[in-house]
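Residue numbers (the working numbering), protein chains in the order written: chain D, 1 to 562; chain W, 1001 to 1148.
Heads up, the beta-carbon is just placed ideally off N, CA and C, and yes, glycines get one too.
None of the values given here were measured: they were computed from a predicted structure.
Shown next as structure tokens:
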């Protein structure tokens, strides 16, 4: 009996000790893991930001290029493996054939959700619908050409082990070359003041179409790849089901989002605090991202749809503005981690393939978007501008490539090819686009007279100070009328004004105040401006009654040097 | 914006009696006083006349939109009135005014006040609407035209 008791006590003691040891060990593991993660993130953030700055400042290139290259330099296949932390080993190492640890990749995934959520939010759905015919033809042309050429290049290139158009890796190479990163083009168009030109609007509308269908194409390809990797044969019937599921999810969720977005935001607005509203909207984006993944699509699709649904609400700009800080810190981590995944030794054998694939990716967009534009309303010059505007690939291509790599559909070499194509198209687009906008109209003569329901109101004042003063008063009056007024990041002082369906833009151009508003919103703008002009005259009358300014000034300065 | 939130049968005066601008504004303000919407008649009148003194609110095509901001009210109040023969309201086109929209809004409280005026102005941009309004004889008819 005593023996038995002793045995039980010993066993219990042993069990307690084991639990305590394992808790201690796992506690230490988690602490160490987090410590390593924090150090990795610190290095990534600093290096990516500095790299981005250098690319912008000295190469006059988008910061994303600098971030990618920084990642390549500090990744496990380059410097990362050589930087040794005492007691921990290398700073960055490969984890089961993958350049990032699960926790680091998790943060990069979160960044990709923010990126696509904001891309959806920034979508100008109204402009897209207005130019939907020409935009959709241009977008679809580019999409099909890029997809087919991308896929075929992989199939026809000898020695890469891809022989079939329906091979998951070939399909991925097709999808990777589809999505235009219009951010770079938009920046150039804004700098050259061509954003509102027929080419500019067509590019932006085309890019929305391209984004939406690129994402639907990704969903289809993901579905096909999953069947294929599971050992199944993909037949056309199955493709039809997968496509219907992907398009169905996209259309139904987007339609529901657009219908209920106003109701959702007006419910969220009950909280009155902007921070809470923005946080809840972001929470919803993550929720939809998770649901999309659950439905067999990619997380970024859900995030994009949530952004698209909220883009037509008056909270859109508030969300963008409030997420800007998080975006600025997290998104460079994503690009840097993508850069880290480039394995130079795996790339050597595919360099020639990468160069050909990138070159064809350029031609695919210039021809695929340019030809439909030329057939519809543009001359050769306009068509070239549109083709070049649709050229740069960026974040979506990288996310798709990352998904393919993580899922084991493409290998390190093909991943490197995707990065190479992104870098080449992104670097080529700005100088070519700037050059192409030299010269006259891009429209055919008979199409040159376009109609638009946006009208400009221009008010000239004797000095810039007065213009700015009136603009500030107008902004205050608009906020009093419960409008959301947001300053845009442009060289000229520009505000975007939104409330429900109403949207217009205020621009200070020297001593001129310009208001661009749709015809139906003109009465509101005109009435409010008149009231502000009248209040300005009140103010001028009031200054007449002020104490003599000179005596006021001497009152202020008197006694300063006593 | 939903005009029904502001406009009711009690905010419509189908036959304005006044024969001149000052009398018309007084009659419109008095209508709001009698319907119990405002209590401080003098302050309200002062606000509308003060705004009118800066610039006439007589627009084109028979429309006048006298309005004022005052602390005498704590929410937006509006009156729509019709005078078939018209009143000289120093309109921009010199024509007599036949359709009147008077609004009084709080001076220091945010809200869609001008937006209400803009919304009605948008409706009155149509000649058919203006003709129908001038021909209407009852508050019900006018309300139905403006808030179908």
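Can you list the residues of chain W that residue 528 of chain D reaches, using a CB-CB cut of under 7 Å?
-> As a working mapping, residue 528 of chain D is identified with position 528 in the first chain. Against residue 528 of chain D, the close residues of chain W are 1114, in the order they occur along the chain (beta-carbon pairs closer than 7 Å).
Mind checking if residue 37 of chain D is an interface residue toward chain W, Cβ cutoff 8 Å exclusive?
-> Stepping through the first chain from its first residue, residue 37 of chain D is reached at position 37. Residue contact check for residue 37 of chain D against chain W: no CB pair falls below 8 Å.
Report yes if the CB atom of residue 1062 of chain W is closer than 8 Å to the CB atom of residue 1130 of chain W, and no otherwise.
-> Position 62 of the second chain, counted from the first residue, corresponds to residue 1062 of chain W. Position 130 of the second chain, counted from the first residue, corresponds to residue 1130 of chain W. Yes. Within cutoff.
What do you get for residue 348 of chain D, buried or exposed, if any count of 16 or more other CB atoms within 10 angstroms of its CB means buried?
-> Residue 348 of chain D sits at position 348 when you count from the first residue of the first chain. Exposed, since its Cβ has fewer than 16 Cβ neighbours within 10 Å.
Supposed contact pair residue 43 of chain D and residue 74 of chain D - C-beta distance, whole angstroms, cut 8 Å | Numbered from 1 along the first chain, position 74 holds the residue referred to as residue 74 of chain D. Numbered from 1 along the first chain, position 43 holds the residue referred to as residue 43 of chain D. 6 Å between Cβ atoms; contact.
Which term fits residue 175 of chain D, buried or exposed, when burial requires 16 or more other beta carbons within 10 angstroms of its beta carbon?
-> Locating residue 175 of chain D in the first chain gives position 175, where the first residue counts as 1. By the neighbour-count rule (16 or more Cβ atoms within 10 Å), residue 175 of chain D is buried.
Any C-beta of chain D under 8 Å from that of residue 1111 of chain W = The sequence position of residue 1111 of chain W within the second chain is 111, counting from 1. Answer yes: the Cβ-Cβ gap between residue 1111 of chain W and chain D drops below 8 Å somewhere.
Would you list the residues sitting across from residue 496 of chain D in a DSSP beta bridge?
-> Position 496 of the first chain holds residue 496 of chain D. The partner list for residue 496 of chain D (beta bridge, DSSP) reads D/486 and D/505.
Could you tell me whether any Cβ in chain W is nearer than 8 Å to the Cβ of residue 101 of chain D?
-> Counted from its first residue, the first chain places residue 101 of chain D at position 101. With 8 Å as the cut-off, residue 101 of chain D does not count as an interface residue toward chain W.
Return the chain-ordered list of same chain residues with a C-beta closer than 7 Å to the C-beta of residue 242 of chain D, the five sequence neighbours on each side being excluded.
-> The residue given as residue 242 of chain D occupies position 242 in the first chain. Here the set comprises 220, 223 and 224.
Please compile the residues from chain D whose C-beta is within a distance smaller than 8 Å of the C-beta of residue 1054 of chain W.
-> Within the second chain, residue 1054 of chain W is the residue found at index 54, counting from 1. Listed along chain D, the residues sitting closer than 8 Å to residue 1054 of chain W by beta-carbon distance are 534, 537 and 538.
Compile a chain-ordered list of the residues in the segment 321–343 of chain D whose CB is closer than 8 Å to at least one CB of chain W.
-> Taking 8 Å as the Cβ-Cβ cut-off against chain W, none of the residues of the segment 321–343 of chain D qualify.
Answer with yes or no whether the minimum CB distance from residue 122 of chain D to chain W is below 8 Å.
-> Looking up residue 122 of chain D in the first chain gives position 122. It does not: the Cβ of residue 122 of chain D has no partner Cβ on chain W nearer than 8 Å.
With distances taken between CB atoms, is the gap from residue 162 of chain D to residue 155 of chain D smaller than 8 Å?
-> For this step, residue 162 of chain D is matched to residue 162 along the first chain. For this step, residue 155 of chain D is matched to residue 155 along the first chain. The criterion of a C-beta distance shorter than 8 Å is satisfied by residue 162 of chain D and residue 155 of chain D.
For the 8 Å Cβ check, are there 3 or more pairs between the segment 365–380 of chain D and the segment 78–97 of chain D?
-> Touching, no.
Tell me, please, whether the CB atom of residue 1097 of chain W is closer than 8 Å to any CB atom in chain D?
-> Position 97 of the second chain, counted from the first residue, corresponds to residue 1097 of chain W. No, residue 1097 of chain W does not count as interfacial toward chain D.
Among D/556, D/443, D/515 and D/561, which one has its Cα closest to the Cα of residue 197 of chain D?
-> Here residue 197 of chain D refers to the residue found at position 197 when the first chain is read from its first residue. Nearest of D/556, D/443, D/515 and D/561 to residue 197 of chain D, Cα basis: D/443.
List the residues of chain W whose Cβ lies closer than 8 Å to the Cβ of residue 67 of chain D, in chain order.
-> Start at 1 with the first residue of the first chain, and residue 67 of chain D comes out as number 67. Those within 8 Å of residue 67 of chain D in chain W number zero; the least Cβ separation is about 42 Å.
In the structure shown, what three-state DSSP assignment does residue 90 of chain D receive?
-> Position 90 of the first chain, counting from 1, holds the residue named residue 90 of chain D. Strand at residue 90 of chain D.
Count the other C-beta atoms from every protein chain shown that fall within 10 angstroms of the C-beta of residue 377 of chain D, then say buried if there are 16 or more, exposed otherwise.
-> Your numbering for residue 377 of chain D matches position 377 in the first chain. Per the 10 Å Cβ criterion, buried.
From what residue to what residue does the alpha helix (DSSP H) around residue 1016 of chain W run?
-> Position 16 of the second chain holds residue 1016 of chain W. Per DSSP, residue 1016 of chain W lies in no alpha helix (DSSP H) and is assigned neither H nor E.
For residue 404 of chain D, I'd like the list of residues in its chain whose CB is within less than 6 Å of its CB, leaving aside the five on either flank, ordered along the chain.
-> Position 404 of the first chain, counted from the first residue, corresponds to residue 404 of chain D. Only 172 and 410 meet the Cβ criterion.
Let me know the secondary structure DSSP gives residue 436 of chain D once reduced to three states.
-> Along the first chain, one-based indexing puts residue 436 of chain D at 436. Looking at residue 436 of chain D - three-state DSSP - the assignment turns out to be helix.
Reduced DSSP category for residue 1067 of chain W - H, G, I as helix; E, B as strand; rest coil | As a working note, residue 1067 of chain W is residue 67 in the second chain. Strand.
Can you give me the start and stop residues for the alpha helix (DSSP H) that residue 541 of chain D sits inside?
-> Within the first chain, the letter at position 541 stands for residue 541 of chain D. First-last of the alpha helix (DSSP H) with residue 541 of chain D: 522–544.
Enclosing beta strand (DSSP E) for residue 1085 of chain W [first to last residue] = Taking the second chain and counting its residues from 1, one reaches residue 1085 of chain W at position 85. It spans 1077–1087 - the beta strand (DSSP E) in which residue 1085 of chain W sits, taken as one unbroken run.
Neighbour flag for residue 1117 of chain W against chain D, beta carbons, 8 Å = For the purposes of this step, residue 1117 of chain W is taken as the residue at position 117 of the second chain. Chain D, which has a Cβ nearer than 8 Å to the Cβ of residue 1117 of chain W, makes this yes.
Are the Cβ atoms of residue 160 of chain D and residue 321 of chain D separated by less than 8 Å?
-> Taking the first chain and counting its residues from 1, one reaches residue 160 of chain D at position 160. Taking the first chain and counting its residues from 1, one reaches residue 321 of chain D at position 321. The answer is no: Cβ separation not under 8 Å.
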